[in-house]
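*Asks:* Below: one structure in structure tokens.
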Amino acid sequence: MEHQFWHEKWEANDLAFHREDFNPVLVDNWPVLDVPAGSRVFVPLCGKSRDMAWLMDQGYRVLGVELSEIAARSFLDESGLDARRDRDGPFVRYRTEQLEFLCGDFFSLDPERLSDIDAVYDRASLIAMAQDLRAQYAAHMKNLLRPGLQALLITLTYRDGEINPPPFRVFREEVESLYDPWCDVELLQEGETEVKGIMCPQFAYRLRVR
305 MEHQFWHEKW
315 EANDLAFHRE
325 DFNPVLVDNW
335 PVLDVPAGSR
345 VFVPLCGKSR
355 DMAWLMDQGY
365 RVLGVELSEI
375 AARSFLDESG
385 LDARRDRDGP
395 FVRYRTEQLE
405 FLCGDFFSLD
415 PERLSDIDAV
425 YDRASLIAMA
435 QDLRAQYAAH
445 MKNLLRPGLQ
455 ALLITLTYRD
465 GEINPPPFRV
475 FREEVESLYD
485 PWCDVELLQE
495 GETEVKGIMC
505 PQFAYRLRVR
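The opening residue of the sequence shown carries number 305 in my numbering; numbering runs sequentially from there.
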């Protein structure tokens with residue numbers, strides 16, 4: 305999607321993709337990755353997700369990346385966090401002891417910024433990308449992530465015309481096509497989630513970078 309689309313969504317507070325609670329798929333499946341407390345977790349296209357607060361509550365340090373600065377300010381305000389604001393290359397950066405929040409284009413990230421990342425949580429990043437961008441997204445992730453690193457990826461599907469995206473549906477075949485060449489892909493859970501009033505199949509995958 306174009307940057308302007310997402311900026312307008314945030315400015316209008318049109319946040320149909322946001323959920324106020326912790327994602328139960330994260331809570332149920334994150335322990336499978338066995339990521340030690342104190343590790344640094346990358347959350348791409350994080351919005352103002354409460355899941356970042358859950359990760360911090362478990363003792364993790366979080367790196368969130370989101371296009372809109374409104375998302376960062378909202379997350380910090382709603383979490384009662386004070387942060388230092390500065391400029392870091394192409395990003396506006398907010399920092400607390402456990403959180404680094406970069407506001408800017410995901411595709412401007414470089415491997416150096418993620419050199420100390422230990423795991424990835426992707427609930428709303430891949431499914432926010434239209435099909436013509438998803439291969440580019442996966443290729444950029446491959447460039448950013450070092451071998452041995454693990455990720456929890458959450459996707460969903462729905463029937464043609466059932467939902468006006470985003471979120472976009474991503475079938476298992478596409479997940480395997482995008483990630484199998486450089487990751488071990490394991491389906492952890494199948495379930496359902498409500499999206500815009502529709503119950504949709506939802507899938508959780510464990511990715512391990514080779």
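The beta-carbon is built from N, C-alpha and C at its ideal position, and this holds for glycine as well. Bear in mind the structure is a predicted one, so any value in this text is a computation, not a measurement.
Between residue 444 and the rest of its own chain, which residues show a CB-CB distance below 8 Å, the 5 nearest in sequence each way excluded?
*Replies:* Closer than 8 Å at the Cβ level, and outside the excluded window around residue 444, lie 410, 411 and 413.
*Asks:* Using a Cβ-Cβ cutoff of less than 7 Å, which residues in the same chain neighbour residue 442 once the five nearest sequence positions on both sides are dropped?
*Replies:* The answer, listed in chain order, is 482 and 483.
*Asks:* At what residues does the beta strand (DSSP E) containing residue 390 begin and finish?
*Replies:* Residues 388-392.
*Asks:* In the DSSP assignment, what residue or residues form a beta bridge with residue 348?
*Replies:* Answer is 369, bridged to residue 348.
*Asks:* Closest by CA to residue 460, which one among 449, 453, 452 and 476?
*Replies:* Out of 449, 453, 452 and 476, 476 has the C-alpha closest to the C-alpha of residue 460.
*Asks:* Can the beta-carbon of residue 379 be found less than 8 Å from the beta-carbon of residue 352?
*Replies:* Yes. Within cutoff.
*Asks:* Go ahead and pull the three-state DSSP assignment for residue 438.
*Replies:* Residue state, collapsed to three classes: helix.
*Asks:* Out of 503, 458, 457 and 324, which one is the CA nearest neighbour of residue 382?
*Replies:* Nearest C-alpha to residue 382: 324.
*Asks:* Under a Cβ-count criterion, where at least 16 other Cβ atoms within 10 Å of its own Cβ denotes burial, should residue 427 be classed as buried or exposed?
*Replies:* Counting Cβ neighbours within 10 Å, residue 427 comes out buried, since at least 16 surround it.
*Asks:* Any idea what DSSP makes of residue 332, helix, strand or coil?
*Replies:* Three-state result, residue 332: helix.
*Asks:* Can you check DSSP and say which residues form a bridge with residue 308?
*Replies:* DSSP, once it has assigned bridges, lists no residue as partnering residue 308.
*Asks:* Taking the C-alpha atoms as reference points, what is the distance between residue 498 and residue 356?
*Replies:* Spanning the two alpha carbons is a distance of roughly 20 Å.
*Asks:* What are the residues that DSSP puts in a beta bridge with residue 495?
*Replies:* DSSP output for residue 495 lists 506 as bridge partner(s).
*Asks:* I'd like to check one pair, residue 453 with residue 423: are the Cβ atoms closer than 8 Å?
*Replies:* Yes; because the gap between Cβ atoms is below 8 Å, this pair is in contact.
*Asks:* Quick one: using the 10 Å Cβ neighbour count with 16 as the cut-off for buried, is residue 506 buried or exposed?
*Replies:* Buried: at least 16 other Cβ atoms inside 10 Å.
*Asks:* For residue 501, is the classification buried or exposed, using 16 other Cβ atoms within 10 angstroms of its Cβ as the cut-off for buried?
*Replies:* Answer is exposed; the Cβ neighbour count stays below 16.
*Asks:* Considering only their Cβ atoms, is the gap separating residue 418 from residue 346 smaller than 8 Å?
*Replies:* In contact: residue 346 and residue 418 (Cβ atoms closer than 8 Å).
*Asks:* Apart from the five residues just before and just after residue 385, which ones in its own chain have a Cβ nearer than 6 Å to its Cβ?
*Replies:* Cβ within range, chain order: 400.
*Asks:* Pick from 390, 341, 408 and 467: whose alpha carbon is nearest that of residue 370?
*Replies:* Of 390, 341, 408 and 467, the residue nearest in Cα terms is 408.
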